[in-house]
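Chemist:
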Amino acid sequence: MPRLSLLLNAGFSGPQAWLLLAIRRGYLGDVALDLRPGTGAWNAAPGLVAGGHDLAYGDVHSLMAVAARQPAVAPIGFFAVHTASPCAIAVPAAGPVAGPGDLPGRRVVGHASDVARHLFPAYAAACGLDPASVEVPVAEGPMAALIGRMQAGEAAGLFGYVSTITAAIGAEATRALRFLRYDAALPDSLGSVVMASRRVVAQQPEALRALAAGFARGLREAIAEPEAAMEAVLSFAPAANAAAERLRWETTLAVEMAGPAAPRPGGVDHGRLARSCAGFARSLGLAPPDPARLFTDRFLGDA
Numbered sequence: 001m002p003r004l005s006l007l008l009n010a011g012f013s014g015p016q017a018w019l020l021l022a023i024r025r026g027y028l029g030d031v032a033l034d035l036r037p038g039t040g041a042w043n044a045a046p047g048l049v050a051g052g053h054d055l056a057y058g059d060v061h062s063l064m065a066v067a068a069r070q071p072a073v074a075p076i077g078f079f080a081v082h083t084a085s086p087c088a089i090a091v092p093a094a095g096p097v098a099g100p101g102d103l104p105g106r107r108v109v110g111h112a113s114d115v116a117r118h119l120f121p122a123y124a125a126a127c128g129l130d131p132a133s134v135e136v137p138v139a140e141g142p143m144a145a146l147i148g149r150m151q152a153g154e155a156a157g158l159f160g161y162v163s164t165i166t167a168a169i170g171a172e173a174t175r176a177l178r179f180l181r182y183d184a185a186l187p188d189s190l191g192s193v194v195m196a197s198r199r200v201v202a203q204q205p206e207a208l209r210a211l212a213a214g215f216a217r218g219l220r221e222a223i224a225e226p227e228a229a230m231e232a233v234l235s236f237a238p239a240a241n242a243a244a245e246r247l248r249w250e251t252t253l254a255v256e257m258a259g260p261a262a263p264r265p266g267g268v269d270h271g272r273l274a275r276s277c278a279g280f281a282r283s284l285g286l287a288p289p290d291p292a293r294l295f296t297d298r299f300l301g302d303a
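In full-length UniProt numbering, the protein residues as written are 1 to 303.
This is the structure in structure tokens:
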């Protein structure tokens, strides 16, 4: 039985319902996954390279950055989960920031590993802003605490995923916050993908085909059966707040899984990927990596 290590984007949580349901229902064939909780979607690609993992689940832009800087060892995406960017800048609904044009001269904070913070130069460029006109210091702590600090006036905005910020304060988020969503300015940007090391791609293609098929089935059924999806999440994280994780999953479906459908389940629109890669690399002053080396469709089924 093939056994592969998978570095996750975080601890077990609602947005991973598709994966946890696939595992719980035995959809991965004879492949056993050794799940390793991670420290953020941005850290997945570099963590796979540095930690010697077989697989990782995390942000595609981080994968682009690794591919631009370390092309010989960069992993390759083989199953895309998000069809739109999950990123946003949250601002107080009653505050002075109504849109991206109000950001210059203000302070937006976020975790050091926050994807939205790393993607901000590309977002700013797409909005016609100079990224240097906005102060973007690191702020650590629980998301709910960072929201409170922002609302107290310590910052004008907060980087994060819409789902993570929403779940941190619950239904109040729709009343108290305004989201400057990245997908409005970066329509070609995607979110997270499952990626594999080059060794696994070369040596264990059948395992990757089995995983892609199981992931696709888990994703379909997690969307169709929300109760079963949450039961799967709580079976891996029994101490989690069920209401918060359900809200995270529902918001994930409404934002980063609500973009234009890919040609095949788990696939990407390669034109979008190429355009997103070029814009992101340009915003960081990097030479864009070959998009064909970022993601492969060869392990995907037709349905």
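For each residue, glycine too, the CB sits at the ideal point set by N, CA and C.
Taking the alpha helix (DSSP H) that Asp-183 falls in, what are its first and last residues?
Modeler: Reading the sequence shown from its first residue, position 183 is the one you call residue 183. Unbroken alpha helix (DSSP H) run through Asp-183: 182-185.
Chemist: Just verifying my parser: in three-state terms, what is the DSSP assignment at Arg-178?
Modeler: Your numbering for residue 178 matches position 178 in the sequence shown. In this structure, Arg-178 counts as strand in the three-state DSSP scheme.
Chemist: Quick one: what does DSSP say Ser-192 is sitting in, helix, strand or coil?
Modeler: Here residue 192 refers to the residue found at position 192 of the sequence shown. Strand.
Chemist: With distances taken between CB atoms, is the gap from Ser-163 to Pro-15 smaller than 9 Å?
Modeler: Position 163 of the sequence shown, counted from the first residue, corresponds to residue 163. Position 15 of the sequence shown, counted from the first residue, corresponds to residue 15. Contact: yes.
Chemist: With distances taken between CB atoms, is the gap from Phe-179 to Ala-90 smaller than 9 Å?
Modeler: Within the sequence shown, the letter at position 179 stands for residue 179. Within the sequence shown, the letter at position 90 stands for residue 90. Going by C-beta atoms, Phe-179 is nearer than 9 Å to Ala-90.
Chemist: Measuring alpha carbon to alpha carbon, tell me which residue in Val-81, Glu-250, Pro-137 and Ile-76 is nearest Ala-262.
Modeler: Translated into the one-based positions of the sequence shown, residue 262 becomes position 262. Per the Cα distances, Val-81.
Chemist: Please name the residue in Ala-125, Pro-131 and Ala-287 whose C-alpha comes closest to that of Arg-106.
Modeler: As a first step, residue 106 must be located in the sequence shown, where it is residue number 106. Minimum Cα distance to Arg-106 is reached at Pro-131.
Chemist: Can you give me the start and stop residues for the beta strand (DSSP E) that Arg-107 sits inside?
Modeler: Taking the sequence shown and counting its residues from 1, one reaches residue 107 at position 107. Premise fails: Arg-107 is in no beta strand (DSSP E) and is neither H nor E.
Chemist: Report the rounded CA-to-CA distance for residue 304 versus Gly-128, giving the unit in angstroms.
Modeler: This structure cannot settle anything about residue 304, because the visible part of the chain is limited to 1 through 303.
Chemist: Rounding to the nearest angstrom, what Cα-Cα distance links Ala-287 and Leu-63 in this structure?
Modeler: Taking the first residue of the sequence shown as 1, we reach residue 287 at position 287. Taking the first residue of the sequence shown as 1, we reach residue 63 at position 63. Rounded to the nearest angstrom, the two C-alpha atoms are 14 Å apart.
Chemist: Pick out whichever of Leu-6, Ala-17, Leu-4 and Glu-227 has its Cα sitting closest to the Cα of Val-233.
Modeler: As a position in the sequence shown, residue 233 is number 233, starting the count at 1. Checked all of Leu-6, Ala-17, Leu-4 and Glu-227; the closest Cα to Val-233 is Ala-17.
Chemist: Starting from the N-terminal side, write out each stretch of the alpha helix (DSSP H) that is 4 residues or longer and does not extend beyond the stretch 209-263.
Modeler: Within the stretch 209-263, the complete alpha helix (DSSP H) runs of at least 4 residues are 226-236 and 242-254.
Chemist: Below 8 Å, how does it come out for the stretch 209-220 and the stretch 17-36: are there three or more Cβ pairs, yes or no?
Modeler: Contact between the stretch 209-220 and the stretch 17-36 is present, because at least three Cβ pairs lie under 8 Å.
Chemist: Counting only runs of 4+ residues fully inside the stretch 60-121, write out the alpha helix (DSSP H) ranges in chain order.
Modeler: You should have 60-69.
Chemist: Ends of the beta strand (DSSP E) at Ser-5?
Modeler: Locating residue 5 in the sequence shown gives position 5, counting from the first residue. First-last of the beta strand (DSSP E) with Ser-5: 3-7.
Chemist: Here's the rule: buried if 16 or more other CB atoms are within 10 angstroms of the residue's CB, otherwise exposed. What is Gly-218?
Modeler: For the purposes of this step, residue 218 is identified with residue 218 of the sequence shown, where counting begins at 1. Gly-218 comes out buried.
Chemist: Who are Asp-30's beta bridge partners in DSSP?
Modeler: Residue 30 sits at position 30 when you count from the first residue of the sequence shown. In the DSSP output, where bridge partners are listed per residue, Asp-30 has none listed.
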